[in-house]
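Student: Residue 113 is where the sequence shown starts when you use the numbering used here, and the numbers rise one by one after that.
Note that beta-carbon positions come from the ideal geometry of N, C-alpha and C, so glycine has one too.
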Amino acid sequence: MKISILTVGKIKEKYLRDAIAEYSKRLSRYCKLEIIETADEKTPDNASETVEDSIRNKEGERLLKYIKDDAFVITLEIAGEQLTSEKFAEKINNLGIRGNSHIQFVIGGSIGLGKEVLKRSDYALSFSKMTFPHQLMRVILLEQIYRSYRIINGEPYHK
């Protein structure tokens with residue numbers, strides 16, 4: 113299975129980069145992982161909805177360049193479906209069984225994903241009704257993918 117994480121923006125904090133490196137290393141025994149970072153746009157304070165739409169669309173165009181036609185695309189969205197870790201593992205496992213050998217997770221920038229990216233999504237996933245910094249979301253997603261593979265393989269994990 114190939115897992116791609118498409119993200120907007122770079123990770124600036126060392127502690128987040130360290131956590132991403134650790135989970136990437138752990139995942140290497142279960143799947144082929146790639147993390148693709150695209151440039152983010154500066155969002156002015158008190159930006160209008162029109163300006164925010166324009167920013168989401170620009171960031172979305174950059175993300176769409178990396179989305180493969182044959183990939184199963186999972187967008188991270190507050191309005192998406194919330195799953196337990198076990199159900200998330202089941203989702204990943206079932207995709208593999210159904211022949212989807214490439215899953216692409218998409219994490220938007222600080223103001224979310226553009227309409228075209230949302231249209232391309234095969235599944236909308238939410239980790240919470242709360243909003244998390246998109247840089248931290250990368251770590252949370254990697255941890256949950258790692259936990260999923262531990263569950264799929266019947267290996268111990270913390271509940």
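1. Tell me, to the nearest whole angstrom, how far the beta carbon of R232 is from that of L176; I am working on the premise that it is less than 8 Å.
2. By Cβ distance, which residues of its chain are closer than 7 Å to N212, with the 5 residues on each side in sequence left out?
3. Whether or not the stretch 228-244 and the stretch 186-201 are in contact is what I'm after, with contact meaning three or more pairs of Cβ atoms, one per stretch, closer than 8 Å; do they touch?
4. Under 8 Å between the Cβ atoms of A191 and I264?
5. In the structure shown, what three-state DSSP assignment does K144 receive?
6. Ignore the nearest five residues each way along the sequence and tell me which others in C143's own chain have a CB closer than 6 Å to its CB.
7. In this structure, how does DSSP classify S116 when only helix, strand and coil are distinguished?
8. For S160, name the three-state secondary structure that DSSP assigns.
9. Here's the rule I'm using: 16 or more other beta-carbon atoms within 10 Å means buried, otherwise exposed. How should I215 be labelled?
Tutor: So, to answer that:
1. Sequence index remark: in the sequence shown, residue 232 carries index 120 (1-based). Sequence index remark: in the sequence shown, residue 176 carries index 64 (1-based). About 7 Å separates the Cβ atoms of R232 and L176, confirming a contact at the 8 Å cut-off.
2. The residue you call residue 212 lines up with position 100 of the sequence shown. F184, listed in sequence order.
3. Segments in contact, yes.
4. Your numbering for residue 191 matches position 79 in the sequence shown. Your numbering for residue 264 matches position 152 in the sequence shown. No.
5. The sequence position of residue 144 within the sequence shown is 32, counting from 1. K144: strand per DSSP, three-state reduction.
6. The count along the sequence shown starts at 1 and reaches residue 143 at position 31. Cβ neighbours of C143 beyond the five flanking positions: M113, I115.
7. Here residue 116 is taken as the residue at index 4 of the sequence shown, counted from 1. Reduced to three states, the DSSP call for S116 is strand.
8. What you label residue 160 is simply residue 48 of the sequence shown in a count that begins at 1. S160 falls in the coil class under three-state DSSP.
9. Your numbering for residue 215 matches position 103 in the sequence shown. By the 16-neighbour rule on beta-carbons within 10 angstroms, I215 is buried.
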